[in-house]
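Student: The opening position of the sequence shown corresponds to residue 368 in my numbering, with each subsequent residue numbered one higher.
For each residue, glycine too, the CB sits at the ideal point set by N, CA and C.
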Amino acid sequence: MRNLTMLTDLYQLTMMYGYYKTGSYRNEAVFDLFFRQKGQINYAVGAGLEQAVEFINDLRFDKEDIEYLRGLKLFGEDFLKYLSDFKFTGDLYSVAEGEIVFPGEPILIVKAPLIEAQLVETALLNIVCHQTLIATKASRIVQAADGKTVVEFGLRRAQGPDAGIYGSRASIVGGCKGTSDVLAAQMFAVEPKGTHSHSWVMSFGSELEAFRKFAEVYPDNCLLLVDTYDTLRSGIPNAITVFRELRAKGHKPVGIRLDSGDLAYLSKKARQMLDEAGFEDTIIFASNDIDEELLDSLNVQGAKIDVYGVGTKLITSDGMPSLGGVYKLSQITRDGIAYPVMKFSDSIEKITNPGFKTVYRIYDKATGKAFADLIALRGEKLEKPLTLTHETERWKRTVMADYEYKELLLPVFKNGKQVYKCPSLDDSAKYCSASLSTFWEEYKRLKNPHIYKVDLSDKLYELKQSLLSAVNGEVHGI
């Protein structure tokens, strides 16, 4: 991963200069990175931590960067000299990659000198929110596939090389079993997937000749695209002819691919034709603008599809082009005293939670299922019985006598040193699957999902209310 220190908004640098000139740059700050409720998405899959770690480890201004900033004529030489020795010295906490997260709760927390915490905002939002967005879309698609294999096929439709590469990575976290992107497969040790295109078929004198030539090259990995001319009258019959020839030579054909038309109807007819020809163990692979809504419909129609190649609508997160992630100051130290702070708004969803916090996931011990998440001030201890209270409607309460819990935010950097070993991509994907399995199906359904409880501890709620009540012509503590 290349050095991304200059991947920032200009105002981050001008604020840094302001902090430097006013002497406040060493004040310790706490920032929360989270996303707000948006559309039908009830949960998200945290992703991008490994690239965030690489970004923090490589944080530095090279000579070329300093010369460029000098040329902007916005910064003094003393500040530029400070930047030449810049490095991250703070702490970073994050959920594990593949963790299920919900609106309003921190995915990542930075605790560092104000000038450092300010600089990393833009890049962390870019890295974490993009991969979390694609991992979430992948998870929804995989859930809708109902046990069928999903492969990511989106590189050519991605919005640039980085979106293709890291979107592919995120799709694996979310549950995809492979990618067509060879560079991503190489970088992240994922098996690349793919067969041939329509141009292969069209480049030969006949469809049958094209299939035979492909089978000659890949006799043990022969999956044929059958919809170039006429799926039912030529594509599948020609594929069956070649499959018989392969079998006679001792090879086992893989299957066929459908890339257009009515996938439910064609897959059922294809399955019937293949089975009648004695190829019951061949697979049917389908692509063609697939997303979770189409998958849900195909399931209802009884489609006979074994593997889905999902491209455009996955890699672009069709229907939700951004996660809506934000990075908000929640605590600032002045003269050695830590002050919790918060953003006020007329819109309740934009009022932030103050203080240095953590997140606990509470499980019903009898079922092992996740019951609620609790955002609490760091250092708060959970008691038994535990009273969970709605974030805003405080009359809504649940008392849990027998429960288990885990803390979601893990220490990743301490005093600028990495203290967390990033797991393999395969392990992150397994973690995601295991985490999802702890939630009832009602929380994961595509339409009108049941809203999972994300509550505030009593101490955090009281702190938030005290800051809200302090607004009297002036916003105190900000």
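Grab me the residues of alanine 644's own chain with a C-beta within less than 6 angstroms of its C-beta, minus the 5 sequence neighbours each way, in chain order.
Tutor: Once the five neighbours on either side are set aside, the close Cβ partners of alanine 644 are Ile607.
Student: Tell me, to the nearest whole angstrom, how far the beta carbon of glycine 415 is from that of isoleucine 494; I am working on the premise that it is less than 8 angstroms.
Tutor: Contact flag correct, Cβ pair sits at about 5 angstroms.
Student: Going by other Cβ atoms of all chains shown within 10 Å of its Cβ, with 16 needed for buried, is histidine 843 buried or exposed?
Tutor: Bear in mind that a pLDDT of 43 at histidine 843, under 50, signals an unreliable position, so the number given afterwards is only what the model happens to contain. Looking at its Cβ environment, which holds fewer than 16 other Cβ atoms inside 10 Å, histidine 843 is exposed.
Student: Could you check where the beta strand (DSSP E) with valine 766 kicks off and where it finishes?
Tutor: First-last of the beta strand (DSSP E) with valine 766: 764 to 767.
Student: Beta carbon of threonine 719, beta carbon of methionine 709: below 8 angstroms?
Tutor: Yes, these two residues count as a Cβ contact at 8 angstroms.
Student: Evaluate contact between the segment 630 to 641 and the segment 663 to 679, counting only Cβ atoms and requiring at least three cross-stretch pairs below 8 angstroms.
Tutor: Touching, yes, given that three or more Cβ pairs across the two stretches are closer than 8 angstroms.
Student: Taking the C-alpha atoms as reference points, what is the distance between leucine 753 and aspartate 529?
Tutor: Rounded to the nearest angstrom, the two C-alpha atoms are 45 angstroms apart.
Student: Counting only the same chain and skipping the five closest in sequence on each side, list residues whose C-beta sits under 7 angstroms from that of alanine 737.
Tutor: Excluding sequence neighbours, alanine 737 sits near Arg728, Tyr730, Thr805, Phe806.
Student: Let's see if you can read the secondary structure: which residues bound the beta strand (DSSP E) around isoleucine 623?
Tutor: Run containing isoleucine 623: 622 to 625, per the beta strand (DSSP E) assignment.
Student: Would you give the residue range spanned by the alpha helix (DSSP H) that tyrosine 384 belongs to?
Tutor: Residues 377 to 389.
Student: Should lysine 680 go down as buried or exposed, given a rule of 16 or more other Cβ atoms within 10 Å for buried?
Tutor: Classification of lysine 680: buried, given that the 10 Å Cβ count is 16 or more.
Student: Quick one, are the C-beta atoms of glycine 534 and tyrosine 798 less than 8 angstroms apart?
Tutor: Contact flag unset, no.
Student: Taking just the CA atoms, how far does glutamine 785 sit from tyrosine 378?
Tutor: Cα to Cα, tyrosine 378 sits roughly 28 angstroms from glutamine 785.
Student: Any heavy atom of the ligand NAD within a distance shorter than 7 angstroms of the CB on tyrosine 727?
Tutor: The ligand NAD is absent from the structure shown, which contains no ligand whatsoever.
Student: Which one of Gln485, Asn394, Glu758, Ala796 has the shortest CA to CA distance from arginine 536?
Tutor: Nearest C-alpha to arginine 536: Ala796.
Student: Indicate the three-state DSSP secondary structure (helix, strand or coil) for alanine 537 in the structure shown.
Tutor: Three-state DSSP puts alanine 537 in a helix.
Student: Beta carbon of lysine 826, beta carbon of aspartate 399: below 8 angstroms?
Tutor: The answer is no: Cβ separation not under 8 angstroms.
Student: Could you tell me which of His757, Ser791, Ala733 sits nearest to aspartate 740, measuring between CA atoms?
Tutor: The option with the nearest alpha carbon to aspartate 740 is His757.
Student: DSSP state of proline 586, grouped into three classes?
Tutor: Here proline 586 sits in coil by DSSP.
Student: What residue from Lys560, Thr381, Val609 has the CA that sits closest to lysine 440's CA?
Tutor: Closest option to lysine 440, Cα to Cα, is Thr381.
Student: Do isoleucine 501 and tyrosine 410 have their C-beta atoms closer together than 8 angstroms?
Tutor: For isoleucine 501 and tyrosine 410, no; Cβs fall outside 8 angstroms.
Student: Do isoleucine 742 and valine 726 have their beta-carbon atoms positioned less than 8 angstroms apart in this structure?
Tutor: In contact: valine 726 and isoleucine 742 (Cβ atoms closer than 8 angstroms).
Student: Identify every residue that forms a DSSP beta bridge with phenylalanine 642.
Tutor: Rather than phenylalanine, the amino acid found at residue 642 in this sequence is aspartate. For aspartate 642, which the question treats as bridged, DSSP gives no partner whatsoever.
Student: Would aspartate 852 and threonine 489 qualify as a contact pair, given that the criterion is a beta-carbon distance under 8 angstroms?
Tutor: Past the boundaries of the shown model lies residue 852; the chain is included only from 368 to 845, so the question cannot be answered.
Student: If we count the other Cβ atoms within 10 Å of its Cβ and call it buried at 16 or more, is tyrosine 386 buried or exposed?
Tutor: So tyrosine 386 ends up on the buried side.
Student: Restricting to Cα atoms, I'd like to know which of Arg369, Phe446, Phe455 is closest to lysine 781.
Tutor: Among Arg369, Phe446, Phe455, the Cα nearest to that of lysine 781 belongs to Phe455.
Student: Label arginine 624 either buried or exposed according to how many other C-beta atoms from any shown protein chain fall within 10 Å of its C-beta, with 16 as the threshold for buried.
Tutor: Its Cβ being crowded by 16 or more others within 10 Å, arginine 624 is buried.
Student: Can you list, in chain order, the residues of its chain with a C-beta nearer than 7 angstroms to that of aspartate 391? Leave out the 5 residues immediately preceding and following it.
Tutor: Rather than aspartate, the amino acid found at residue 391 in this sequence is serine. Answer for serine 391: Leu481, listed in chain order.
Student: Aspartate 731 bridges to which residues according to DSSP?
Tutor: Aspartate 731 pairs with Tyr770.
Student: Could you give the distance in angstroms between the alpha-carbon of isoleucine 657 and the alpha-carbon of asparagine 666?
Tutor: Taking the straight line from one Cα to the other gives about 13 angstroms.
Student: Would you mind giving the Cβ-Cβ distance between leucine 749 and glycine 722, rounded to the nearest angstrom? I have them listed as a contact below 8 angstroms.
Tutor: Not really, about 17 angstroms apart at Cβ, beyond 8 angstroms.
Student: How is glutamate 841 classed by DSSP in three states: helix, strand or coil?
Tutor: Only weak support exists for where glutamate 841 lies, its pLDDT of 46 falling under 50; the coordinates are left without a value.
Student: Go to lysine 560, then tell me how far its alpha helix (DSSP H) extends in each direction, as first and last residue.
Tutor: Taken as a continuous stretch (DSSP letters only), lysine 560 belongs to no alpha helix (DSSP H), as it is neither H nor E.
Student: Provide the residue(s) that pair with aspartate 399 in DSSP beta bridges, ordered along the chain.
Tutor: Answer by DSSP bridge pairing, in chain order: Ile476, Lys695.
Student: Given that a residue counts as buried once 16 or more other Cβ atoms are within 10 Å of its Cβ, and exposed if not, what is glycine 545?
Tutor: Result: buried.
Student: Tell me the rounded alpha-carbon separation between alanine 479 and arginine 369.
Tutor: If you take the alpha carbons of alanine 479 and arginine 369, they lie about 23 angstroms apart.
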